[in-house]
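Residue numbers (my numbering): 54 to 566.
Below, the structure is given as structure tokens:
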């Protein structure tokens, strides 16, 4: 029996039975969606011996499909017409009634089937993809069909090695540290999948097969799919089933594939990932096409995505809480004042100035803790954050109102200047607090954000003392207000820090319930 091993370019095929097995294997051309595998097979076969295929003429073909799991071609060679079939071993053996024996003679399949099965299990356990090859003399037939695949003679195995890339285990560990669980979906048999799992750090994982999935209800699959990391003997349509079951179980699913059979799964996944060398259908179905076939690229992609998401949340937290607080303050103080707390042009200018540090959030540093774990868009969390920090902001607005009205007896122009300065500076400074879940003094902000905050604070503080003050409707503020403003802002920062601590503590307790 012959074994062709494509593990190394210099590997050779070893022939112990049919002398034309390699020629038959090469003649079938291994036409599948996996063109890279096909190329490896041809390279290995041609490195063993050279062939003169000019004497062969292909007459007909029965294409591969996922029910038969085999491919047959009809070729003519001299005066012989042969049908050659290759495919999954079980599916090839089921159409054979004879086999080539150890001495090259044709024997009943029953005589050698135990040996064939034992060899198949040995090769599969070692991680080799093992195909069966068979032939049949077709006499004068000029066409073949699925019905022709009977009474064939088993020739032997073609064994393929497709080892994982060096360092893939470490890459998978890094993904796990980022909270990304890797699940392997393969059409290979259980033994090959188990060997692959051991190589990539999934040793001992439970394996779910395509047959198991067919016997399950949708609810059962949804329950089981989270517990299983290795899926073997999977049919193309079952890939999509697995993706949908994972999503039903509450997971965000990324799927990486490059073949025709991956198209539906790529489309169903939350993020479909393919590579530049993939078939056209896979690339079109994918959301992301990688220029390199490397999971390491995904690690950087995950990190950068989480940095972007974290900074987006910072902006949302700042904008919603500041706007809610200002609205609450504006509505409340208007009930007690005989003039507008802020003029429209002053409100617009305040929004413009606070947008400067808000825009700089995009360049901010992100804590490692925020990168290490996946996060989701949670409107309930944002609402609670807005209410908590908006009200904290509003409390200090009212404290400022009290200082301006009750202590300083400020004119309308001074009142507007005082609240404008306090509102803009406090909204800019609080970004430094809410940008991190931990103590703000332990997390270094981005240089651009820090400079933007300081610049806006200085400009805002200076505005009432510039020639623009009259145009904007401000008047200079007394030194006493500036002193009291420093105390208000300091107390605001400390209060926001304490409020943040208890807020996240309460959210964590609620999440565990």
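We put the beta carbon where it would ideally sit given N, CA and C, even for glycine.
1. Between the beta-carbon of residue 199 and the beta-carbon of residue 121, is there less than 8 angstroms?
2. Just mark residue 430 as buried or exposed, buried being the case when its beta carbon has 16 or more other beta carbons within 10 Å.
3. Given residue 149, which residues of its chain have a CB within under 7 angstroms of its CB, disregarding the five upstream and five downstream residues?
4. Please classify residue 518 as buried or exposed, where buried requires at least 16 neighbouring CB atoms within 10 angstroms.
5. Can you tell me whether DSSP reads residue 148 as helix, strand or coil?
6. Could you compute how far the alpha carbon of residue 438 sits from the alpha carbon of residue 563?
7. Reducing DSSP to helix, strand and coil, say where residue 417 ends up.
8. Distance, Cα to Cα, residue 269 vs residue 136?
9. Say whether chain C places a C-beta atom closer than 8 angstroms to the C-beta of residue 545.
10. Run through DSSP, which three-state label would residue 491 get?
11. So, with DSSP's three-state summary, where would you put residue 161?
12. For residue 257 and residue 218, what's the separation of their Cα atoms in angstroms?
13. Which of the three DSSP states, helix, strand or coil, is assigned to residue 543?
14. Please go through the segment 265-321 and give each complete beta strand (DSSP E) segment of 3 or more residues, from N-terminal end onward.
15. Pick from 317, 422 and 380: whose alpha carbon is nearest that of residue 444?
16. Beta-carbon separation of residue 235 and residue 425 under 8 angstroms?
17. Who are the Cβ neighbours of residue 222 in its own chain at under 8 angstroms, not counting the five residues just before and after it?
18. Among 511, 512 and 481, which residue has its Cα nearest to the Cα of residue 498?
19. Within the same chain, show all residues whose beta-carbon is closer than 6 angstroms to that of residue 458, passing over the 5 residues directly before and after it, in chain order.
20. Residue 207 lies in the beta strand (DSSP E); which residues open and close that run?
21. Assess, as a yes-or-no matter, whether the segment 462-477 is touched by the segment 379-399 under the definition of 3 or more beta carbon pairs within less than 8 angstroms.
22. In the DSSP assignment, find the beta strand (DSSP E) that holds residue 113 and state where it starts and stops.
23. Could you tell me how far apart the beta carbons of residue 262 and residue 298 are, in whole angstroms, since I believe they sit closer than 8 angstroms?
24. Find out if the Cβ-Cβ distance for the pair residue 151, residue 159 is shorter than 8 angstroms.
25. Drop a sphere of 10 angstroms on the beta-carbon of residue 308, count the other beta-carbons inside from all chains shown, and report buried for 16 or more, exposed for fewer.
26. Tell me the residue span of the beta strand (DSSP E) that contains residue 139.
27. Along the alpha helix (DSSP H) that carries residue 184, what are the first and last residues, could you check?
28. So, with DSSP's three-state summary, where would you put residue 262?
29. Based on the DSSP secondary-structure assignment, which residues constitute the bridge partners of residue 176?
30. Residue range of the alpha helix (DSSP H) that residue 248 falls in?
31. Tell me which residues share the same chain as residue 108 and place their Cβ nearer than 8 angstroms to its Cβ, disregarding the 5 neighbours each side in the sequence.
32. Assuming residue 324 and residue 340 form a contact by the criterion Cβ under 8 angstroms, report the distance between their Cβ atoms to the nearest whole angstrom.
33. Quick check: the segment 550-563 against the segment 483-492, are there 3 or more CB pairs under 8 angstroms?
Answer, in terms of the structure:
1. yes
2. exposed
3. 162, 187, 205, 206 and 207
4. exposed
5. coil
6. Going by the C-alpha atoms only, they are around 14 angstroms apart.
7. coil
8. Answer to the nearest angstrom: the Cα atoms are 38 angstroms apart.
9. As a matter of chain content, chain C is missing from the structure shown, which is built from one protein chain.
10. coil
11. When secondary structure is reduced to three states using DSSP, residue 161 falls in the strand class.
12. 20 angstroms
13. helix
14. Counting only runs of at least 3 residues, the segment 265-321 fully encloses the following beta strand (DSSP E) elements, listed from N- to C-terminal order: 283-285 and 307-309.
15. 380
16. Between residue 235 and residue 425, the gap from beta carbon to beta carbon reaches 8 angstroms or more.
17. 252, 253 and 254
18. Nearest option by C-alpha distance: 481.
19. none
20. 205-213
21. Enough Cβ pairs lie closer than 8 angstroms, so yes.
22. 109-115
23. The pair is not a contact, with the Cβ atoms about 15 angstroms apart (cut-off 8 angstroms).
24. Less than 8 angstroms divides the Cβ of residue 151 from the Cβ of residue 159.
25. The residue in question, residue 308, is buried, as its Cβ has 16 or more Cβ neighbours within 10 Å.
26. 133-141
27. No alpha helix (DSSP H) contains residue 184, which is instead part of the beta strand (DSSP E) from 182-190.
28. When DSSP states are grouped into helix, strand and coil, residue 262 belongs to the strand group.
29. In DSSP, residue 176 forms no bridge with anything.
30. Bounds of the alpha helix (DSSP H) holding residue 248 are 243-252.
31. 130 and 131
32. 5 angstroms
33. yes
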